[in-house]
Structures are given as C-alpha cells and as structure tokens.
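> My questions will all concern the structure given below.
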Amino acid sequence: DAGITQSPRHKVTETGTPVTLRCHQTENHRYMYWYRQDPGHGLRLIHYSYGVKDTDKGEVSDGYSVSRSKTEDFLLTLESATSSQTSVYFCATQAGEETQYFGPGTRLLVL
Amino acid sequence: DAKTTQPTSMDCAEGRAANLPCNHSTISGNEYVYWYRQIHSQGPQYIIHGLKNNETNEMASLIITEDRKSSTLILPHATLRDTAVYYCIVRVAEGKLIFGQGTELSVKP
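So the sequence lines, in the order shown, correspond to chains F and S. Residue numbers for the first sequence follow this note's numbering, beginning at 2 and rising by one. Residue numbers for the second sequence follow this note's numbering, beginning at 48 and rising by one.
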C-alpha cells in the first residue's frame with residue numbers, strides 16, 4: 002500500500018557499527034513514521050516526520066536518529082548498533098488526516 | 048490518545064462471522080476508531096475506521112456504540128487467511144497511532 006518500500010529487508014550487523022535503514026514512498030505523503038516491533042511490546046513509535054526536514058521523537062527514540070531530505074525518503078540511523086536494537090522495523094506513511102499505511106518491514110539482527 | 052482494551056485471543060470457525068470487541072471508554076469526541084491487522088511477520092494492514100456511525104467496506108464492518116465507549120469489528124465470513132493479530136486504535140485526525148497488544152484471532156477449519 003502507498004508504494005512503500007524498505008531497504009534492506011534483512012540485515013545482520015555487529016555491535017558498535019552504524020546502520021541506516023531506508024524507507025521510500027511513491028505517493029507524496031506528508032507524514033512518515035518509523036516503528037519497531039518486539040515480542041511482548043507491539044509496535045512502538047521511534048521517530049516521525051511531518052515534512053521535509055521536519056522530524057520529531059516518538060516514545061523509543063534513544064539511540065536512533067532520522068533524516069528526511071526529500072518527501073519520498075525517510076532514513077533511520079542507528080549510530081552505534083546495540084543488541085537491544087535487534088528488532089523488526091516498520092516504516093509507515095500518511096497523507097494528512099488520512100489512513101496510515103505500512104511497509105513490509107526490515108529485520109535487523111545485531112550480534 | 049485514549050487507550051483501548053481488547054481480549055488477548057479469540058477463535059472463530061471458518062465461514063462464520065468473527066466479532067472482535069474493543070473498549071475505549073475514555074475516547075474523546077474528536078478521536079476516530081481505527082482497526083488494523085497484522086498477519087505474521089508482515090506490516091500492519093489497514094482495515095477500517097469510523098468516528099460515530101457504523102462503517103462497512105469490502106473487508107469488514109465497524110459497529111460503534113452510541114456512547115462511543117466501545118466498538119466491534121465484524122469479519123462477516125472468516126477465512127483461514129484472516130488469522131492475524133487485530134489492533135483497535137483510537138486517535139485524533141493526523142494523530143499518532145498507539146498500538147496495544149491486540150487480539151490474536153485464530154480461524155479454524
């Protein structure tokens with residue numbers, strides 16, 4: 002839905018290395034979101050964006066940064082990955098007051 | 048955003064209607080009720096949303112009580128492919144989605 006792609010779809014990395022996940026959309030939606038999903042916690046919001054260069058923190062933002070230099074791309078960066086950041090990461094987009102649509106997810110394993 | 052309460056799990060026979068309840072007793076007048084589902088390891092999928100009136104689309108029906116303190120998602124003829132975790136969420140327009148634990152629906156043959 003909403004032409005959302007996430008890359009990579011799977012990644013294994015080592016503790017202390019930087020990691021960047023990309024979310025790309027083709028629908029020109031204003032809002033973009035990054036969530037993580039862990040067993041027993043459901044989906045939790047990491048960061049979100051309400052326009053180019055406009056971002057804000059969600060409930061679990063520590064250890065993560067984001068950037069949005071173009072409408073279609075929203076990047077999530079783990080500056081120094083830790084094992085606690087092993088998770089499934091979902092991107093979502095939303096046009097104004099409309100429905101939020103989700104991407105297929107990225108599985109990240111930090112060893 | 049108001050919180051929601053859903054049963055942890057439910058079973059439904061294939062071909063029968065699945066009725067998934069949700070309590071949202073602290074919902075505000077400008078908050079919508081949204082339903083999403085997540086099939087194992089996939090991204091959440093939008094199902095339906097409503098404010099006051101009952102809603103129906105090709106996937107499901109949403110029944111909201113007159114006082115708006117609870118709602119029910121109805122899948123009229125459940126299939127095995129409807130087995131998923133169903134999330135009931137309330138939010139204001141342009142507001143953030145706050146996911147709870149959802150209801151794990153198992154559709155059985």
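Cβ atoms here follow ideal geometry from the backbone N, Cα and C, with glycine treated the same way.
Residue 38 (chain F) by DSSP, collapsed to three states: which one?
Strand.
> Of all the residues that make up the segment 86-100 of chain F, which are near chain S by a beta-carbon distance shorter than 7 Å?
Residues 91, 97, 98 and 100.
> Taking the continuous beta strand (DSSP E) assigned at residue 86 (chain F), which residues delimit it?
Careful: residue 86 (chain F) lies outside any beta strand (DSSP E) and carries neither H nor E.
> Show which residues of chain F have a CB atom less than 7 Å away from the CB atom of residue 144 (chain S).
Going along chain F in sequence order, the residues near residue 144 (chain S) (Cβ under 7 Å) are 101.
> Do you know how far the Cα of residue 62 (chain S) is from the Cα of residue 77 (chain F)?
Roughly 42 Å between the two C-alpha positions.
> CB-CB under 7 Å to residue 60 (chain F), same chain, minus the five flanking residues each way: which ones, in chain order?
Closer than 7 Å at Cβ, skipping near neighbours: 45 and 46.
> Indicate whether residue 112 (chain F) and residue 13 (chain F) have their beta-carbon atoms separated by less than 8 Å.
In contact: residue 112 (chain F) and residue 13 (chain F) (Cβ atoms closer than 8 Å).
> Can you tell me which residues form a DSSP beta bridge with residue 45 (chain F)?
Bridge partners of residue 45 (chain F): F:37.
> Taking the alpha-carbon of residue 153 (chain S) as reference, which of S:53, S:50, S:65 and S:52 has the nearest alpha-carbon?
It is S:65.
> As an exercise, report each continuous beta strand (DSSP E) stretch of at least 3 residues that is fully enclosed by the segment 50-75 of chain F, in chain order.
Complete beta strand (DSSP E) runs here, min 3: 55-58 and 65-71.
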